[in-house]
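Going by the working numbering, the first residue of the sequence shown is number 67, and it counts up by one from there.
To start, the structure itself, in structure tokens.
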Amino acid sequence: MTLSVLNRFSVRSILSVAAAFLLACFVGVGMATWQFRADDIEDSTIQVRNLAIVLSGQLERSIEAIDITLLDLMEFIALAGVRDQRGLADLVTGDRFQNLLRERVERLPQAYGASVYGADGRNLVTTFPDIKWVIDVSDRDYFRELKSDAARGLYISQPLTNRMTGVSNIAFARRITDAAGAFAGVVLITVTVDYFETIYAPIKSLSDMRLTLVRRDGTVMLRYPDLANATTGAMIPASSPWYVLVAKGGGEFRSPGYFDGVARWFSVRPLQTYPLVLNVGVSEREMLARWYRRAVAIAVGAALLLSAATVLLSAVLGQFQRLRRSERKLRDKSRALAVSNIRFDSALNNISQGLCMFDVDERIVVSNARFAEIYGLSPDEAAPGTSLVAIFDSRIRNGTHAGEPPRNYFSDLAASPSEVQLLPDGRAIHIRCQRMADGGWMTTHEDITDRHRSETQIAYMARHDLLTGLFNRAAFSEKIEEAAARQRRFGETFTVLLLDLDRFKQVNDTLGHLAGDLLLKQTAERLKAALRETDVLARFGGDEFAIIQIGADNQLEAATAFSDRLLACLAAPYDLGGQEVTVSVSIGIALAPEHGVEADKLIRNADLAMYRVKGEGRNGYSVYDDGLMEVADARQRLDSELRHAIANGEFELHYQAIVDAHTRRVCGAEALVRWRHPRRGLVPPLEFIPFAEESDLIDQIGQWVLRRACIEAAAWPDDTVVAVNLSPAQFRRANPVAMIRQALADSGLPARRLEIEITENVFLTGAEDNIAIVRQMKELGVSISLDDFGTGYSSLSYLTTFPFDTVKIDRSFTMNMTKRADCAAVIASVITLTRCLGVATIAEGVENHAQLELLRGAGVDFCQGYLFGRPAPAADLDFSRPAVMKQAGAAA
């Protein structure tokens with residue numbers, strides 16, 4: 067074979083190997099670069115999602131605080147029974163309301179101000195000082211929507227300019243109605259647009275973040291940091307996947323830039339209670355900024371490597387092709403190669419990540435200055451040829467590595483090619499490792515300390531209660547699952563205790579929310595002091611705490627003893643800023659695995675046991691048993707059946723005659739509700755009215771009874787009356803005056819023929835307000851009867867505080883008056899007292915002639931009881947002749 071043939075063969079081989087090597091390098095660099103891009107997008111999406119979760123929760127709590135304040139103000143106005151604009155103006159301009167308004171607004175750090183506007187849109191009262199001129203907001207969107215009753219509940223306006231102060235703000239408004247239910251005006255609290263800049267200031271540290279507050283219909287309310295952007299009021303295009311994510315409850319999507327043309331990735335988080343959606347997004351350009359820089363650096367490095375390879379290849383080829391070229395040309399080529407190496411070193415040392423390449427023997431092939439800077443190494447300590455063990459020895463000496471050098475460093479990294487390592491000085495280093503074709507390793511090292519701290523803080527906020535620093539409900543449930551896993555594996559028992567502070571709301575209402583927060587913090591400290599290291603403590607929100615008690619020889623005995631200690635430690639007085647307060651606690655106990663091992667089940671069972679303590683007087687503890695679940699199921703069935711009965715008209719009225727004690731003439735009747743159950747038949751009120759009073763169902767049942775009784779009584783003789791009972795619960799939740807007025811209007815029954823029966827329990831809570839309500843009833847022209855007099859507190863002050871028309875003597879005295887002299891004496895005293903006050907008396911429970919004669923002799927005015935017949939439908943009442951008397955046994 068000639069020399070020329072040999073030379074041609076060698077050149078082809080070199081070209082083939084060089085081409086394969088360069089292709090492999092380009093593919094590897096391309097794959098790594100693309101993987102960097104995917105990782106950057108994923109990291110940024112997680113960051114945006116976590117930030118959106120935290121900010122949306124903060125926004126919802128802020129709006130909820132405003133809404134609660136508005137409801138408090140509306141409740142104050144509703145209890146006053148405003149009838150017209152003058153009444154509203156007199157009420158809200160009074161010192162009491164203005165003090166309440168200022169006090170409520172001062173509790174809200176986010177509130178800019180609060181105002182009340184009348185039905186004509188003119189301001190009646192405001193917290194802004196020195197506003198003496200008339201402000202008309204009748205053209206505002208919130209005023210028009212609330213006036214037309216198109217908006218239900220809380221209405222949140224678009225950003226608008228405050229006509230009192232000229233400041234751009236958002237109005238949170240609710241509708242005010244007068245006693246007749248007509249529109250009377252608007253009460254609102256404004257929040258400056260600048261406040262949102264304060265709330266969302268944390269995103270300033272995150273580059274090119276955008277936050278958008280949007281209504282659920284897609285209307286943009288504001289954008290941050292572009293608060294004055296012209297897109298306010300614009301609609302998100304109907305084709306956007308945003309609407310699908312809102313319907314699903316949240317998610318992430320890529321926006322092409324509907325308003326500013328900048329492509330962004332957004333995390334969508336709808337608020338749970340209010341019709342708003344929070345979008346937190348970061349531009350795709352910012353997400354990939356680091357990748358762009360890295361890709362450019364890699365491209366530069368690849369180009370330099372290609373240049374160097376090309377020069378080297380040219381030199382080799384030159385050697386084969388030009389063996390007789392002069393030494394001068396070889397020096398020129400060597401000089402060009404040196405220049406290329408200098409350029410490569412320059413590029414390598416100017417990238418932001420630390421880079422270090424190791425050979426198959428775990429010795430440095432090449433590294434840049436950033437690698438040495440990150441780990442505090444000198445140039446000699448990071449020089450080519452330095453072993454991995456020597457590098458870790460240097461790091462141990464300078465404090466950037468703790469412990470012994472790892473024995474299988476690259477093997478461990480191969481199992482997780484990308485990981486974050488925390489250095490002893492607190493820095494977080496993101497390390498990526500990739501095996502090379504020759505068996506060596508390429509590693510990159512990036513300092514992500516700031517980002518890691520932000521992510522750690524966000525993760526902490528997602529699992530902890532911000533007020534007390536305790537675990538929240540989600541984290542507590544995870545701890546239960548961990549304890550359940552140990553129980554399944556090792557048989558280790560554990561107990562869940564649910565604690566609820568008794569009458570905590572009174573502390574908030576009387577001393578303010580700051581005092582309430584201080585009480586919760588001190589309670590948390592006392593509970594932590596009472597726990598062992600293995601126990602877990604959490605706060606669920608409000609005044610609820612939860613504890614996991616781990617392991618005990620006698621689980622039940624340990625749980626009850628622990629509960630006794632908790633009762634004792636929480637019973638000591640609290641010092642709330644100079645105000646001494648004492649509270650008790652109700653504790654529910656659920657044992658695992660006896661009462662379950664799933665988190666939801668154990669929490670539910672402990673909650674049922676805790677509410678049994680509440681029902682039995684509070685300040686104690688109770689252990690869950692199956693009977694509690696049966697009671698809860700029975701109550702749930704009763705609630706469902708009652709709601710079905712209301713919707714399907716299963717109630718009916720029976721009437722018990724009210725008889726003149728001397729003439730036996732039927733003067734009227736008391737309306738008594740019965741439930742015609744489809745399976746149980748006729749159900750008496752004692753089996754469902756107490757439950758209805760605990761829930762919100764008594765309002766609907768009571769309204770139906772009143773309206774039906776008035777309609778049926780309208781057909782009776784004009785000199786008869788119908789008596790209807792009002793529950794104390796209706797005074798707390800309903801508007802009884804408006805309900806009576808409406809029933810009279812619908813039935814046409816004269817007000818003088820309606821008698822409202824109330825018990826003294828109405829005056830035990832909210833006495834001043836309830837007396838005012840009863841006086842409003844009296845002003846309608848109806849009669850007021852004090853029912854069950856002689857039981858309970860029976861305070862004589864009630865008879866002097868309010869001029870009742872009738873007092874009803876409780877049946878317990880009537881039924882025993884022939885057997886016990888003290889009962890007869892009580893009846894005689896009541897009749898004498900009421901006669902002096904000009905109040906009529908009705909004796910309930912008259913069942914025989916002897917009782918009737920004694921009552922007549924005592925001077926009673928009217929009687930009710932089985933002696934005159936059992937309660938019956940309206941069609942069975944006979945007002946045309948005296949009541950037929952029969953013994954109670956015959957009536958039965």
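No residue lacks a Cβ here, since even glycine has one placed at the ideal position from N, Cα and C.
{"Asked": "DSSP has H530 in a bridge; who is on the other side?", "Found": "F537"}
{"Asked": "Note down the Cα distance separating D944 from P816, rounded to an integer number of angstroms.", "Found": "20 Å"}
{"Asked": "Using 8 Å as the Cβ pair cut-off and three pairs as the minimum, do the region 534–542 and the region 457–477 touch?", "Found": "no"}
{"Asked": "Excluding the 5 residues flanking I755 on each side, which residues of the same chain have their C-beta closer than 7 Å to its C-beta?", "Found": "none"}
{"Asked": "Give the range of the beta strand (DSSP E) segment to which H720 is assigned.", "Found": "F717 to D726"}
{"Asked": "Tell me where the alpha helix (DSSP H) around I806 begins and ends.", "Found": "P802 to S813"}
{"Asked": "Could you tell me which of G715, A811 and I613 sits nearest to I777, measuring between CA atoms?", "Found": "A811"}
{"Asked": "By alpha-carbon positions, which one of N714, A713, L748 and R701 ends up nearest to E759?", "Found": "R701"}
{"Asked": "Q572 by DSSP, collapsed to three states: which one?", "Found": "helix"}
{"Asked": "Under DSSP, the beta strand (DSSP E) around E610 begins and ends at which residues?", "Found": "E610 to I616"}
{"Asked": "Hey, R501 and S484 are a contact pair by Cβ (cut 8 Å); roughly how many whole angstroms apart?", "Found": "In fact, because the Cβ distance is near 13 Å, the residues do not count as touching under 8 Å."}
{"Asked": "Below 8 Å on the Cβ atoms is my guess for A250 versus Q151; work out the distance and round it to an integer in Å.", "Found": "7 Å"}
{"Asked": "With a threshold of 16 other CB atoms inside 10 Å of the CB of D601, please say whether the residue is buried or exposed.", "Found": "buried"}
{"Asked": "Are there 16 or more other CB atoms within 10 angstroms of the CB of R360, so buried, or fewer, so exposed?", "Found": "buried"}
{"Asked": "Taking one C-beta from the region 640–650 and one from the region 551–560 each time, how about it: are there three or more such pairs within less than 8 Å?", "Found": "no"}
{"Asked": "Can you find the residues in the same chain that come closer than 7 Å, C-beta to C-beta, to G925, ignoring five residues on each side of it along the sequence?", "Found": "I897 and R901"}
{"Asked": "Under 9 Å between the Cβ atoms of V912 and C889?", "Found": "no"}
{"Asked": "At the level of alpha carbons, what is the spacing between L277 and V114?", "Found": "10 Å"}
{"Asked": "Checking 9 Å against the spacing of the C-beta atoms, do D516 and I495 come in under that value?", "Found": "no"}
{"Asked": "Report the rounded CA-to-CA distance for A938 versus L865, giving the unit in angstroms.", "Found": "32 Å"}
{"Asked": "Among N836, M881 and S878, which has the Cα closest to the Cα of T867?", "Found": "N836"}
{"Asked": "Do G505 and V426 count as a contact pair if the criterion is CB distance below 9 Å?", "Found": "yes"}
{"Asked": "DSSP on L792, reduced to helix/strand/coil?", "Found": "coil"}
{"Asked": "Let me know if Y526 comes out buried or exposed under the rule of 16 or more other beta-carbons within 10 Å of its beta-carbon.", "Found": "exposed"}
{"Asked": "Can you tell me whether P783 is buried or exposed? The criterion is at least 16 other CB atoms within 10 Å of its CB, across all chains shown.", "Found": "exposed"}
{"Asked": "Mind checking K545: buried by the 16 CB within 10 Å criterion, or exposed?", "Found": "buried"}
{"Asked": "Which of the three DSSP states, helix, strand or coil, is assigned to H710?", "Found": "helix"}
{"Asked": "Could you pull out every residue in the same chain whose Cβ sits closer than 8 Å to the Cβ of L633, ignoring the five residues on either side in sequence?", "Found": "S650, V651, I653, N685, G686 and Y687"}
{"Asked": "Under 8 Å Cβ to Cβ from G578, same chain only, skipping five residues before and after it: list those, please.", "Found": "R173"}
{"Asked": "Should the region 248–263 be regarded as contacting the region 336–346, the criterion being three or more beta carbon pairs within less than 8 Å?", "Found": "no"}
{"Asked": "For the region 106–122 against the region 343–351, are there 3 or more C-beta pairs whose distance is under 8 Å?", "Found": "yes"}
{"Asked": "State yes or no: is the C-beta of A789 within less than 9 Å of the C-beta of H743?", "Found": "no"}
{"Asked": "Could you tell me which uninterrupted alpha helix (DSSP H) segments, each at least 4 residues in length, are contained entirely in the region 280–335, listed from first to last along the chain?", "Found": "308–314"}
{"Asked": "Whole angstroms is fine: what's the gap from S946's alpha carbon to L719's?", "Found": "21 Å"}
{"Asked": "What does the Cβ neighbour count give for M97, buried or exposed, with the cut at 16 atoms within 10 Å?", "Found": "exposed"}
{"Asked": "Measuring alpha carbon to alpha carbon, tell me which of S214, I655, Y324 and I839 ends up nearest D630.", "Found": "I655"}
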